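*Asks:* In terms of numbering that gives the first Met the number 0, the sequence shown has 458 at position 459, counting the first letter as 1, and numbering is strictly consecutive.
Note that CB positions come from ideal geometry on N, CA and C, so glycine has one too.
All of these numbers come straight from a predicted model, not from anything done at the bench.
Below you'll find the structure I mean.
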Amino acid sequence: MANRGDVLRKVGTRLVDLVSDAGRPEAAAAPAASGPVARADGGLVLSREAFEHHLKGIVRSDPQAAPLAGRVNFIGLSKIREKLGDRWERVAERADDITRRAIERRLTAADVYTRYKELHYLIIFAHLPREQAQLKCALIAEEITKRLLGEDIAPDLLEVKTMISPLGDALELEDVPRIESLAARLAEGDTAVTAEPGPRTAQPPDEDDTWWEAESPASADALSGVTFVYRPMWDVRHKAITTYACTPVPNPGESQLHVSDPSVLRRLDALVQRRVITDLRKAVKANKRMMLTLPVHFETLAAVASRNEYIELCRRGIPPEGGRLLVFELVGVPDGLPQSRLLDLSAMLRRFGRSVLLRSPVTRTMFRPAAETGIAAVGIEAPGDSVPEARQIQDMERFAAAAGRTGLTTYVHGLPTISLTTAAIAAGFDFVDGDVLTSVVERPQHVYGFEMTQLFRTCLRGRLGAAPS
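This is the structure we're talking about:
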């Protein structure tokens with residue numbers, strides 16, 4: 000058994016050398032700071048010297064260096080530089096900024112990272128087990144790739160590796176699996192992240208439009224009158240209706256369905272899932288390019304049986320080309336949920352869709368865990384007449400400001416008045432919907448333009464008489 004001195008010496012000569020770049024040609028491109036630079040949330044981006052000191056502190060806590068296995072991760076941009084060729088010099092500074100922001104969005108106050116050489120970054124996660132640390136790195140790599148190269152570029156253009164052990168003749172590294180593989184293992188509770196997830200078994204949408212009917216859940220009295228509508232969501236920045244959020248209602252003309260029984264919620268989620276996937280398949284067949292939002296309650300994914308049924312239906316029903324048109328919306332996630340659980344849920348759903356949203360209480364102002372676990376946006380449901388408008392406006396402003404500080408996109412459902420819609424836009428919400436904006440529809444439509452003036456058209460007609468056509 001190696002003694003502590005041997006372990007420290009091996010870590011110092013193999014791992015720490017990576018960040019002690021003095022005398023190497025690449026060293027001039029790396030940060031020259033001699034000490035740690037504090038982030039606003041208390042975490043640290045460390046200089047090479049401080050990172051080395053931090054590594055040695057971890058090893059001292061366990062003479063066999065077991066705490067390092069799976070916690071030290073490497074991200075490299077060499078392949079992206081090769082792909083960009085001569086364009087790299089123009090984007091190098093921006094690439095470093097994008098990479099740092101993507102990393103820092105997913106670090107806790109106890110995590111640290113450093114840049115070494117010109118194109119590489121080392122990250123140490125303080126408390127995450129190996130598979131969850133790898134999943135965070137995979138999410139970081141995906142964000143960097145999309146922001147630098149666009150949506151259609153494979154994230155494996157980034158080099159993403161995990162250190163397995165510093166004790167051999169050389170560092171033992173492992174390629175981080177793709178998000179789909181990691182999510183599949185986490186969803187199954189298997190910490191040995193090695194195998195790829197099973198293939199989707201969805202039939203092409205033009206071959207099987209009754210793919211789920213034989214297994215439709217039994218009707219319950221609480222859901223016997225349920226119907227479905229879609230709320231067109233306005234993308235404020237791009238001035239277009241781009242997304243359709245599926246909403247169950249008890250009867251046509253009623254706006255909300257209130258269900259608290261977990262077993263009924265799970266059956267409701269199954270009905271909504273079948274409706275949205277059916278409409279998604281039709282959209283793919285019709286070559287539509289709008290987005291569909293599929294809400295799912297935490298209770299459904301927290302129970303093993305209903306989670307497995309939900310995921311299996313996604314596997315069978317969502318065609319591969321449909322994933323780009325689908326976003327999942329997590330509803331009812333409790334305060335204080337461990338970050339690792341939220342990370343697991345987000346990764347599990349991202350296997351089948353474009354992104355994951357989180358619907359929150361308007362009083363929630365702590366969004367860093369969501370930003371760190373791959374959540375793309377956070378939003379709220381307008382409370383209607385139960386809360387005075389002045390209070391709603393204040394709550395929306397606080398919510399949007401808190402989410403904005405973490406870089407998350409924001410949305411609000413069900414705005415009932417022009418004044419609240421205007422206030423939401425002024426507060427900085429990125430997506431809004433409500434009857435005052437545009438009526439609900441039975442089926443998702445195409446993307447179409449929507450200008451701010453259209454929001455006030457009815458009001459102006461009432462004041463000024465019939466507007467010219």
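Report the rounded CA-to-CA distance for Glu142 versus Lys82, giving the unit in angstroms.
*Replies:* Approximately 17 Å between the Cα atoms of the pair.
*Asks:* Is the separation between the beta-carbon of Gly84 and that of Leu118 shorter than 8 Å?
*Replies:* No; because the gap between Cβ atoms is not below 8 Å, this pair is not in contact.
*Asks:* Report the three-state DSSP secondary structure of Asp429 (helix, strand or coil).
*Replies:* Looking at Asp429 - three-state DSSP - the assignment turns out to be coil, as it is neither helix nor strand.
*Asks:* Leu357: which of Tyr120, Lys116, Gly378 and Val283 sits nearest, CA to CA?
*Replies:* Answer by Cα proximity: Gly378.
*Asks:* Going by C-alpha distance, which of Val225, Phe449 and Pro382 is nearest Asp268?
*Replies:* The shortest C-alpha separation from Asp268 is found at Val225.
*Asks:* Below 8 Å between beta carbons: does that hold for Val386 and Val235?
*Replies:* Contact: no.
*Asks:* Report yes or no: do the region 257 to 264 and the region 289 to 300 share at least 3 C-beta pairs separated by less than 8 Å?
*Replies:* Output reads yes: the region 289 to 300 touches the region 257 to 264.
*Asks:* What's the gap between the Cα of Arg265 and the Cα of Asn307?
*Replies:* Near 12 Å, if we compare the C-alpha coordinates of Asn307 and Arg265.
*Asks:* Looking at C-alpha atoms only, which residue of Leu279, Asn286 and Gln338 is the closest neighbour of Gly316?
*Replies:* It is Leu279.
*Asks:* Hey, would you say Leu407 sits closer than 8 Å to Ala376, going by beta carbons?
*Replies:* Yes, they are a contact pair.
*Asks:* Given a cut-off of 8 Å on the beta-carbon distance, is the pair Leu341 and Val332 in contact?
*Replies:* Yes, they are a contact pair.
*Asks:* Could you please give the first and the last residue of the uninterrupted alpha helix (DSSP H) stretch that includes Phe124?
*Replies:* From DSSP, Phe124 is part of no alpha helix (DSSP H); its letter is neither H nor E.
*Asks:* How many whole angstroms separate the CB atoms of Ile122 and Asp110, which I take to be in contact at a CB cut-off of 8 Å?
*Replies:* So it is a contact: roughly 7 Å between Cβ atoms.
*Asks:* Using the rule of at least 16 other Cβ atoms within 10 Å of the residue's Cβ for burial, across every protein chain shown, is Gly448 buried or exposed?
*Replies:* It is exposed - the Cβ of Gly448 has fewer than 16 other Cβ atoms within 10 Å.
*Asks:* Throw me the rounded Cβ distance for the Thr246 and Tyr229 pair, which I believe falls under 8 Å.
*Replies:* Yes, they are in contact, since the Cβ atoms of Thr246 and Tyr229 sit about 7 Å apart, within 8 Å.
*Asks:* Do you know offhand how far Met451's Cα is from Lys238's?
*Replies:* Their backbone Cα atoms lie some 8 Å apart in a straight line.
*Asks:* Mapping DSSP to helix, strand and coil, what is Asn307?
*Replies:* Asn307: helix per DSSP, three-state reduction.
*Asks:* How long is the line joining the alpha carbons of Pro473 and Leu336, rounded to whole angstroms?
*Replies:* Outside the shown range of the chain (0 to 468) lies residue 473, about which nothing can therefore be said.
*Asks:* My output table needs one value for Phe290: the three-state DSSP class, helix, strand or coil.
*Replies:* The question names Phe, yet the displayed sequence has Met at residue 290. In the structure shown, Met290 sits in a strand (DSSP, three-state: E or B).
*Asks:* At the level of alpha carbons, what is the spacing between Leu414 and Asp384?
*Replies:* Straight-line Cα distance between these residues: approximately 11 Å.
*Asks:* Report, in whole angstroms, the separation of the C-beta atoms of Ile484 and Met347, which I expect to be a contact under 8 Å.
*Replies:* Because the chain spans 0 through 468 in this model, residue 484 falls outside it and cannot be assessed.
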